[in-house]
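The structure appears below as structure tokens.
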Amino acid sequence: MTILIRGGTVVNADRAFRADVLTEGGKIVAVGENLEAPAHATVVDAGGQYVMPGGIDPHTHMQLPFMGTVTADDFYTGTAAGLAGGTTTIIDFVIPDPKQRLMDAFHTWRGWAEKAAADYTFHVAVTWWDDSVHEDMGTLVKEHGVNSFKHFMAYKNAIMADDETLVKSFRRALELGAIPTVHAENGELVYQLQRELVAKGIRGPEAHPLSRPPEVEAEAANRAIAIAGVLGTPVYIVHVSCAESLEAITRARARGQRVYGEALAGHLVIDDSVYRHPDPEVARAYVMSPPFRSSHHQTALWQGLQGGNLHTTATDHCTFCAGQKAMGADDFTRIPNGCGGVEERMAVVWDAGVNTGRLTPSEFVRITSTNAAQIFNIYPRKGSVSVGADADIVVWDPHGTRTLSAATQHSKGDFNVFEGRTVRGIPTHTVAAGKLVYANGDLRAERGAGRYVERPAFGTTP
Ligand code: URP
Ligand code: ZN
Ligand code: ZN
Ligand code: ZN
Numbered sequence: 001m002t003i004l005i006r007g008g009t010v011v012n013a014d015r016a017f018r019a020d021v022l023t024e025g026g027k028i029v030a031v032g033e034n035l036e037a038p039a040h041a042t043v044v045d046a047g048g049q050y051v052m053p054g055g056i057d058p059h060t061h062m063q064l065p066f067m068g069t070v071t072a073d074d075f076y077t078g079t080a081a082g083l084a085g086g087t088t089t090i091i092d093f094v095i096p097d098p099k100q101r102l103m104d105a106f107h108t109w110r111g112w113a114e115k116a117a118a119d120y121t122f123h124v125a126v127t128w129w130d131d132s133v134h135e136d137m138g139t140l141v142k143e144h145g146v147n148s149f150k151h152f153m154a155y156k157n158a159i160m161a162d163d164e165t166l167v168k169s170f171r172r173a174l175e176l177g178a179i180p181t182v183h184a185e186n187g188e189l190v191y192q193l194q195r196e197l198v199a200k201g202i203r204g205p206e207a208h209p210l211s212r213p214p215e216v217e218a219e220a221a222n223r224a225i226a227i228a229g230v231l232g233t234p235v236y237i238v239h240v241s242c243a244e245s246l247e248a249i250t251r252a253r254a255r256g257q258r259v260y261g262e263a264l265a266g267h268l269v270i271d272d273s274v275y276r277h278p279d280p281e282v283a284r285a286y287v288m289s290p291p292f293r294s295s296h297h298q299t300a301l302w303q304g305l306q307g308g309n310l311h312t313t314a315t316d317h318c319t320f321c322a323g324q325k326a327m328g329a330d331d332f333t334r335i336p337n338g339c340g341g342v343e344e345r346m347a348v349v350w351d352a353g354v355n356t357g358r359l360t361p362s363e364f365v366r367i368t369s370t371n372a373a374q375i376f377n378i379y380p381r382k383g384s385v386s387v388g389a390d391a392d393i394v395v396w397d398p399h400g401t402r403t404l405s406a407a408t409q410h411s412k413g414d415f416n417v418f419e420g421r422t423v424r425g426i427p428t429h430t431v432a433a434g435k436l437v438y439a440n441g442d443l444r445a446e447r448g449a450g451r452y453v454e455r456p457a458f459g460t461t462p
């Protein structure tokens, strides 16, 4: 397929300029003014619109078995929803059970992901430690294009990594040229607070944020940063949700430590009042970790993105339907943790970021695509509208509006955390791997069209 995107303004992280974009064979082959349309080309009129690198969501969980159930979106439905929202690449997570070989889990996830409609790649979680984990980390980096490892500091008695595992895994990552990432929450504190709340009879979803106050997150963020600092590794902190974690990152960066932070679209615009919704089914639908926080924290997260101490925006897309969330109807600690957003992230961040004057269009590209590509080492194949890059492009109408709703979303979840929010700034066309997969509301996602993207270790030259 050959596509000419004509008459738009190309926005990259470094600049915006008027240009047409020609794609052929899955790659961008020309960017320039007044490009000639080849005879067989599909022409997309981008007049009055922005032409940007397709979004990269660096944090999703498709088809994840978690807390006794499996997420509603699989790799096909989840990536298709992403394409409808302008996201053309996801970084998902392989999460081995404790004692499971990393290689076994990796191959299981690779099999599940073959149905993906968009490109995907994996962080691999280190949930336990022995010599086989050391060995498998090496195999993953050297033979399978994995360059990031995830550590859950929460979820005690399940996938939580203790300090021994963190230290050994961070050290191994450094040796291999891979970057450690962490879910920063003190799992022991969460566990004890949960037990106390349940014992007091506070068992509804309103207890969820009480069991995970900002200090619980900040302690873990500080600990991960300290371990990384002592060992000399970079560290990437996923879903930073509170001012105190951001402060830890900001302090470390000011000292010259290479620390990166990710903000979720949901954490930027939704506050903790959702947990006190009179309908417990609605309140349960918002249960995710870390929880939504007060507006003071939202303000801080925006400042982090603006000031360069937070680098990426993600969703942690991890959908569970009402029936699944009801597993915790009598005990909030059993509510499967997770919310959706892969389809809405770009529009929510544009609307709340660019329309408010917090971000320029180039800064939007930086935090929705380019930084993720650079931090996880797939730039400029991804994250850039330039000759030689993958033809992953979103054509963006800054004047178009949409009201976000579970009734119209493509995700298989039955809830939308952004329900009723009207956003201005929406994708009109998405091109993924050189194919027009979304055009003015018409989603043409193709099962299995997505490719596994290998990410080389840092410090290696091609
Ligand atoms: O609540 C969440 N975030 N669920 C997904 C797993 C994780 O912690 O990222
Ligand atoms: Zn293999
Ligand atoms: Zn997490
Ligand atoms: Zn997650």
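Taken in order, the sequence shown gives residues 1 to 462; the numbers are from UniProt numbering. Where a beta carbon is used, it is the ideal one built from N, C-alpha and C, also for glycine. Every value quoted in this text rests on a predicted model; they were computed, and no experiment measured them.
{"Item": "Strictly closer than 6 Å from CB to any heavy atom of ligand 1: give me those residues in the order they appear in the chain.", "Value": "HIS61, HIS183, MET288, SER289, ASP316, CYS318, ASN337 and GLY338"}
{"Item": "Would the C-beta of VAL238 count as close to ligand 3, meaning under 7 Å from any of its heavy atoms?", "Value": "yes"}
{"Item": "Please classify GLY73 as buried or exposed, where buried requires at least 16 neighbouring CB atoms within 10 angstroms.", "Value": "Sequence inspection shows Asp at residue 73; the Gly mentioned does not correspond to that position. The residue is buried, with at least 16 neighbouring Cβ atoms inside 10 Å."}
{"Item": "Helix, strand or coil for PRO214? Go by DSSP, reduced to three states.", "Value": "helix"}
{"Item": "Is DSSP giving TRP396 helix, strand or coil here?", "Value": "strand"}
{"Item": "Whose C-beta lies closer than 7 Å to the C-beta of ASN355 among residues of the same chain, with five residues either side of it excluded?", "Value": "ARG424 and GLY425"}
{"Item": "Runs of 3 residues minimum, wholly inside the segment 259-319: which ones carry the beta strand (DSSP E) assignment?", "Value": "259-264 and 312-314"}
{"Item": "Report the CB separation of ARG358 from TRP302 in whole angstroms; it is logged as a contact under 8 Å.", "Value": "6 Å"}
{"Item": "Quick one: is VAL230 buried, meaning 16 or more other Cβ sit within 10 Å of its Cβ, or exposed?", "Value": "exposed"}
{"Item": "Taking buried to mean at least 16 other C-beta atoms within 10 Å of its own C-beta, is GLY47 buried or exposed?", "Value": "exposed"}
{"Item": "Excluding the 5 residues preceding and the 5 following ILE5 in the sequence, name in chain order all residues of the same chain whose CB lies nearer than 7 Å to its CB.", "Value": "ASP20, VAL21, VAL44, ALA46, VAL51, ILE393 and VAL395"}
{"Item": "Determine the DSSP secondary structure at MET52, reduced to helix, strand or coil.", "Value": "strand"}
{"Item": "Please state if the CB of THR9 and the CB of GLY55 are separated by a distance shorter than 8 Å.", "Value": "no"}
{"Item": "State the Cα-Cα distance for the pair ALA352 and ASP390, rounded to the nearest angstrom.", "Value": "28 Å"}
{"Item": "Can you tell which of SER289, ARG345, ARG101 and LYS168 has the C-alpha that lies nearest to the C-alpha of TYR191?", "Value": "SER289"}
{"Item": "Considering THR250, what are the terminal residues of the alpha helix (DSSP H) in which it resides?", "Value": "243-254"}
{"Item": "Closer than 7 Å to a non-hydrogen atom of ligand 4 - does that hold for the CB of HIS134?", "Value": "no"}
{"Item": "How long is the line joining the alpha carbons of ASN186 and LEU35, rounded to whole angstroms?", "Value": "55 Å"}
{"Item": "What does the Cβ neighbour count give for ARG18, buried or exposed, with the cut at 16 atoms within 10 Å?", "Value": "exposed"}
{"Item": "For HIS123, is the beta carbon positioned less than 7 Å from some heavy atom of ligand 4?", "Value": "no"}
{"Item": "Within 8 Å, do at least three Cβ pairs link the segment 63-73 to the segment 124-137?", "Value": "no"}
{"Item": "Taking 7 Å as the line, does the beta carbon of HIS59 fall inside it for any heavy atom of ligand 4?", "Value": "yes"}
{"Item": "Which complete alpha helix (DSSP H) runs does the segment 126-153 hold, if anything under 4 residues is left out?", "Value": "131-144"}
{"Item": "Classify ALA432 as helix, strand or coil using the three-state DSSP reduction.", "Value": "strand"}
{"Item": "What is the rounded straight-line gap between the Cα of ASP136 and the Cα of ASN157?", "Value": "23 Å"}
{"Item": "What are the boundary residues of the beta strand (DSSP E) that ALA84 is part of?", "Value": "Here ALA84 belongs to no beta strand (DSSP E); instead the alpha helix (DSSP H) covers 75-84."}
{"Item": "Helix, strand or coil: which one does DSSP assign to ALA348?", "Value": "Note on residue identity: the sequence assigns Val, not Ala, to residue 348. VAL348: helix per DSSP, three-state reduction."}
{"Item": "Leaving out five residues on either side along the sequence, give the residues of the same chain with a beta carbon under 6 Å from the beta carbon of ARG421.", "Value": "LEU404"}
{"Item": "Give the range of the beta strand (DSSP E) segment to which PRO361 is assigned.", "Value": "Per DSSP, PRO361 belongs to no beta strand (DSSP E); it is in the alpha helix (DSSP H), 361-365."}
{"Item": "Inspect the beta-carbon positions of residue 465 and HIS61 and report whether they are closer than 8 Å.", "Value": "Absent from the structure is residue 465, since the part of the chain shown begins at 1 and ends at 462."}
{"Item": "Count the other CB atoms within 10 Å of the CB of ALA407; is the residue buried (16 or more) or exposed (fewer)?", "Value": "exposed"}
{"Item": "Do you know how far the Cα of GLY448 is from the Cα of GLU217?", "Value": "37 Å"}
{"Item": "Sort ILE159, GLN63 and TYR286 by Cα distance to ARG100 and report the nearest one.", "Value": "Here the sequence assigns Gln to residue 100, which means Arg is not the residue at that position. Ranking the options by Cα distance to GLN100, first place goes to ILE159."}
{"Item": "Relative to the C-alpha of residue 466, which candidate in ALA372, TYR155 and ILE227 has its C-alpha closest?", "Value": "The first residue shown for the chain is 1 and the last is 462, placing residue 466 beyond what the model contains."}
{"Item": "Would you call the segment 307-324 in contact with the segment 191-200, where contact means no fewer than 3 C-beta pairs closer than 8 Å?", "Value": "no"}
{"Item": "I'd like to confirm the pairing. Which residues does DSSP put opposite HIS183 in its beta bridges?", "Value": "PHE152"}
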